[in-house]
Amino acid sequence: MSLNASEGRLRAARQGQWRRQPFITGAGRRWALGVAVLAYLVLALGSVDVNWARVAEGAGRAVNFLAAFTQPDFISRQGDIIAGLIESLTMTLTSTVIGVLLAIPVGLGAARNIAPLPIYALCRAIIAVSRTFQEIIIAILFVVMFGFGPLAGMITLAFATVGFMAKLLAEDIEDLNWRQVEAVRATGAGWWQVMNHAIQPQVMPRLIGLSMYRLDINFRESSVIGIVGAGGIGATLNTSLSRYEYGTAAAILLIIIAIVLASEYASSHVRRFTQ
Amino acid sequence: MPVSTSSAGLPLWQRRTTAAQWLRFAAWLFGLSLFLLCWKVISDNTLWVFVEDAGRQGSDLLGRMLPPRWEYAEKLWRPMWDTLNIATLGTALGVLMAFPVAFLAARNTTPHPLVRSLALMIIVSSRSINSLIWAMLLVTIVGPGVLAGIIAIALRSIGFVGKLLYEAIEEIHPTPVEAISATGASRLQVMNYAVLPQVLPAFAGISLYRWDINIRESTVLGLVGAGGIGLALNASINSLAWSQVSVIFVMIFATVIVSEWMSARVRRAMI
Amino acid sequence: MLTLEGVGKRYPTGDRALSDIDLALPKGQVMALIGPSGAGKSTLIRCVNRLVEPSQGHIRLDGDELTTLSGAGLRRARRSMGMIFQEYALVDRLTVMENVLSGRLGYVGFWRSFFRRYPEQDVREAFRLLERVGLDHALDKRADALSGGQRQRVGIARALLQSPRLLLVDEPTASLDPKTSRQIMRLIRELCAERGLAAIINIHDVALARQFADRIVGLNAGRIVFDGAPSELTSDILTTIYGEEEWDTRVGPEEPAEERSAPPRAFDVALSGAVR
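Protein chains in written order, with UniProt numbering: chain C, 1 to 275; chain D, 1 to 271; chain Z, 1 to 276.
Structure, rendered in structure tokens:
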């Protein structure tokens with residue numbers, strides 16, 4: 001935007017003619033952008049082939065499903081639901097603990113200001129791989145390696161946790177207050193002492209907060225990796241949906257929502273306690 | 001007090017009081033036993049014979065994945081295009097729906113507390129449920145295909161965008177709102193002149209961030225039949241064509257890296 | 001034109017901000033409202049345009065009761081009262097022209113304002129006001145690119161574009177340097193005279209109040225403790241408004257506060273002498 005309005009705009013405004021300046025100056029560019037967006041929309045929507053007969057057929061099911069939320073069925077698959085939930089919760093807890101413990105060395109290694117270059121590159125590579133692939137893809141590989149069951153799920157979630165936590169931890173360390181580190185170093189402290197006295201106190205509160213957040217995410221993820229056989233409530237949910245048992249599916253979804261809400265509430269308390 | 005006197009009459013400094021020390025100890029003990037208990041549940045449900053085999057299975061898998069069958073990449077352009085569309089159209093749809101929901105959910109713009117709790121409920125349920133679950137659900141409703149994927153991504157995005165946006169709305173400066181109300185402006189005009197300009201940059205940033213996440217998520221929706229490159233992945237895994245699976249992995253990796261780079265650039269251009 | 005009768009305000013927390021305010025403001029009078037922080041000055045002017053709901057009493061503007069209005073009626077009443085704020089309260093990400101034109105929001109419909117299609121005479125008037133406050137060249141600048149004094153000028157132009165009958169001014173100079181403060185006060189004063197506007201000005205600076213107001217009202221703990229001409233504002237009165245303090249800031253042998261009270265005392269003596 002120009003600093004002072006052009007003479008023409010001033011004269012027009014004096015006559016009572018004024019229009020807002022467009023966000024993108026230059027009519028040509030504005031049109032080009034508009035045409036590009038339109039072309040994309042036409043192409044993209046054109047490539048979505050919708051089977052309207054199938055949609056119409058499904059509309060009834062949608063109504064059934066919504067109705068199921070008013071009377072969720074906790075009873076008829078009670079055993080499966082409880083078993084799935086226990087698996088999900090145990091996977092969540094163990095994977096978060098193991099993942100965070102492993103993320104600490106990786107995070108330290110991925111912080112440019114304290115790690116030597118080869119270690120930095122290695123740790124950044126681990127982070128990139130772990131963050132790019134969805135948990136479910138990793139779960140497929142681990143199920144092949146470790147067999148069906150919660151162990152594969154736990155390893156999957158731990159692996160995803162490492163990428164998530166290590167990246168944020170590394171960023172934290174990279175912009176921590178360097179003066180405190182220098183002050184501790186000036187007392188003649190060794191590498192471990194610097195870690196313990198200068199870096200740990202600065203990153204610890206956020207580390208705890210992030211761990212709580214990740215616990216939450218891991219629970220949500222544990223509800224889907226069951227689809228590929230990695231244990232947890234996802235398998236139960238998948239079965240109930242493919243059998244069109246919407247009452248049970250609604251019950252499971254409500255339980256998931258309740259647990260997520262409870263853990264969010266708890267983690268906000270823990271965060272306040274640690275800060 | 002952490003400073004006490006020892007039996008010899010010398011002051012003793014401890015980091016924590018005795019009671020606090022015991023409390024910490026108890027908390028650690030509790031956490032550790034909970035962890036071990038969970039570990040036991042998992043181990044009971046695991047067939048350790050298979051786990052002992054994991055190393056061999058892993059190297060076997062790697063052997064079958066390498067070298068990737070690069071010719072297969074040519075069949076992936078269409079699924080990749082579908083994946084991008086699911087992410088982009090899904091984000092657009094989700095953002096459109098999240099926008100009004102956020103205004104209804106923010107404490108300072110909601111018309112009524114009851115409406116607010118309803119909006120918050122929409123946000124929570126959308127956020128708690130993974131997009132794959134939404135996709136499973138929608139596949140049984142609208143049938144397998146890209147449409148189910150788009151709607152699944154949109155429904156998941158409402159909660160994410162809605163939550164971050166309503167938090168941004170609650171943090172706006174109140175004085176411009178006061179000033180615009182004092183001119184005799186109507187409710188909608190106050191939103192348009194005082195609230196909207198303040199949250200627009202946050203809104204653009206959040207939407208872009210969600211688009212980035214949605215690219216990742218849309219790569220796997222095909223596993224449950226909701227279109228995109230996940231369909232090819234599912235087919236390749238079911239036919240044990242691991243050399244195709246590795247090609248798909250490379251494709252996904254490249255797409256995610258490119259989209260991350262693009263969204264970072266656009267974000268920088270906006271600021 | 002503006003009358004307040006028994007106006008009181010109690011916040012939900014139980015704090016009593018105002019009690020029993022009776023005030024009448026004739027047309028064209030510029031009134032300064034002074035008092036310590038927390039005396040209820042901001043609450044009082046916000047009660048007038050109902051940004052704060054008064055809990056009791058009546059407020060009338062040219063005979064129309066304001067306290068019972070709601071919806072469209074309230075919006076119509078608000079547009080006849082222009083408000084100027086301490087922190088300027090401009091919308092930072094809108095341009096200067098958009099900020100000024102937002103003064104017309106009470107007059108134009110939603111879609112017109114949404115597409116910024118304001119009537120020609122509104123735009124002409126907005127431009128004239130920008131020229132009057134000396135900011136016509138900046139009409140396409142974003143508000144956050146201006147200095148404090150310039151922003152306050154935009155705020156003044158916005159308030160005047162409402163074609164108000166009354167100006168409510170809340171600490172217009174609190175964020176400005178002394179010179180700019182004087183310029184802004186002079187501008188407000190001149191504009192009020194040009195348009196015959198009444199104004200209530202909340203102000204911390206007693207010297208500015210003395211210099212620019214026709215009338216001064218002192219508020220302490222939600223009650224009016226002084227109401228009179230600027231010349232009647234003595235050190236004793238300042239003490240009742242603000243509490244004990246050495247008010248005389250002038251240094252030197254002569255003490256004007258004493259001087260002012262000295263002749264009447266002599267007159268008193270003479271008079272009493274004459275009566276005897």
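Note that the Cβ used here is the ideal one computed from N, Cα and C, for glycine as well. Quantities reported herein were computed from a predicted structural model and do not represent experimental measurements.
Problem set entry | Chain-ordered residues of the segment 108–128 of chain D with a beta carbon less than 9 Å from chain Z | none
For this session: Name, please, each residue of chain C whose Cβ falls closer than 7 Å to the Cβ of residue 54(D).
Result: 145, 146
Exercise. Near residue 31(Z), what residues of its chain come up, given a Cβ to Cβ distance below 8 Å and the 5 sequence neighbours on each side ignored?
Worked result: 25, 198, 199, 200, 201, 213, 214, 215, 216, 217
Exercise. Under 7 Å between the Cβ atoms of residue 108(C) and residue 168(C)?
Worked result: no
Exercise. Short check: CB of residue 139(C) to CB of residue 230(C), under 7 Å?
Worked result: yes
For this session: Taking only beta carbons into account, state which residues of the segment 5–34 of chain C come closer than 8 Å to chain Z, listed in chain order.
Result: 5, 9, 10, 13, 14, 15, 16, 17, 18, 19, 20, 21
Problem set entry | Per-residue DSSP class, three states only, for residue 216(C) | helix
For this session: Assess, as a yes-or-no matter, whether the segment 36–55 of chain Z is touched by the segment 241–250 of chain D under the definition of 3 or more beta carbon pairs within less than 8 Å.
Result: no
Exercise. Under three-state DSSP, which class holds residue 56(Z)?
Worked result: strand
Exercise. Under 7 Å between C-beta atoms, does residue 1(D) make it to chain C?
Worked result: With a pLDDT of only 47 at residue 1(D), under the threshold of 50, the placement of this residue in the model should not be trusted, and no figure is reported.
Exercise. Residues of chain D with CB under 7 Å from residue 301(Z), in chain order?
Worked result: This structure does not reach residue 301(Z), given that chain Z is present from 1 up to 276, and the question cannot be answered.
For this session: Given a cut-off of 7 Å, decide if residue 158(Z) and residue 99(Z) are closer than it, judged by their beta-carbon atoms.
Result: yes
Exercise. Residue ranges of each alpha helix (DSSP H) run of no fewer than 4 residues wholly in the segment 201–269 of chain C, ordered along the chain?
Worked result: 233–242
Exercise. Roughly how many angstroms lie between the CA atoms of residue 29(C) and residue 89(Z), to the nearest whole one?
Worked result: 34 Å
For this session: Give the straight-line distance between the Cα atoms of residue 162(D) and residue 121(D), rounded to the nearest whole angstrom.
Result: 11 Å
Exercise. Is residue 254(Z) helix, strand or coil when you go by DSSP?
Worked result: No answer about residue 254(Z) holds up, because its pLDDT of 44 lies below 50 and its placement is not dependable.
Exercise. Using a Cβ-Cβ distance under 7 Å, would residue 327(D) count as near chain C?
Worked result: The structure shown does not extend to residue 327(D), since chain D is modelled only from 1 through 271, so no value can be given for it.
Exercise. Closer than 7 Å, Cβ to any Cβ of chain C: which residues of the segment 213–227 of chain D, in chain order?
Worked result: 216, 217, 219, 220, 223, 224
Problem set entry | Contacting residues, own chain, Cβ-Cβ under 6 Å from residue 159(D) (five flanking each side not counted) | 123, 126, 127
Exercise. Under three-state DSSP, which class holds residue 147(C)?
Worked result: coil
Exercise. CB-CB under 6 Å to residue 2(C), same chain, minus the five flanking residues each way: which ones, in chain order?
Worked result: Residue placement at residue 2(C) is flagged as unreliable, the pLDDT there being 44, under the threshold of 50; the coordinate-derived value follows with that caveat. Closer than 6 Å at the Cβ level, and outside the excluded window around residue 2(C), lies no residue.
Exercise. Which chain C residues are close to residue 189(D), counting only those with a beta carbon under 7 Å from its beta carbon?
Worked result: Chain C residues near residue 189(D): none, gap ~15 Å exceeds 7 Å.
For this session: Return the chain-ordered ranges of every alpha helix (DSSP H) run that is complete within the segment 139–183 of chain C and spans a minimum of 4 residues.
Result: 150–174
Problem set entry | Residue interval of the beta strand (DSSP E) (run including residue 80(C)) | Here residue 80(C) belongs to no beta strand (DSSP E); instead the alpha helix (DSSP H) covers 78–109.
For this session: Decide if residue 203(C) is buried, meaning its Cβ has at least 16 other Cβ atoms within 10 Å, or exposed.
Result: buried
Problem set entry | Top-ranked residue by Cα proximity to residue 56(C), from 142(D), 105(D), 50(D) | 142(D)
Exercise. Does the beta carbon of residue 196(C) sit closer than 7 Å to a beta carbon anywhere in chain D?
Worked result: no
Problem set entry | Per-residue burial, residue 258(C) [other beta carbons within 10 Å of its own, 16 or more giving buried] | exposed
Problem set entry | Ordered list of alpha helix (DSSP H) runs contained in the segment 196–242 of chain D, each at least 4 residues | 196–218, 229–238
Exercise. What whole-angstrom Cβ distance do residue 150(D) and residue 256(C) have, given they're in contact under 8 Å?
Worked result: Their Cβ separation, rounded to whole angstroms, is 23 Å, which puts residue 150(D) and residue 256(C) out of contact at 8 Å.
For this session: Let me know the secondary structure DSSP gives residue 113(C) once reduced to three states.
Result: coil
Problem set entry | Residues sharing a beta bridge with residue 9(Z), DSSP | 18(Z)
Exercise. Residue range of the alpha helix (DSSP H) that residue 227(Z) falls in?
Worked result: Counting along the chain, residue 227(Z) falls outside any alpha helix (DSSP H), though it belongs to the beta strand (DSSP E) covering 223–228.
For this session: Return yes when the Cβ of residue 194(D) is within less than 7 Å of the Cβ of residue 91(Z), no when it is not.
Result: yes
Exercise. Can you tell which of 249(C), 267(C), 17(C), 247(C) has the C-alpha that lies nearest to the C-alpha of residue 126(Z)?
Worked result: 17(C)
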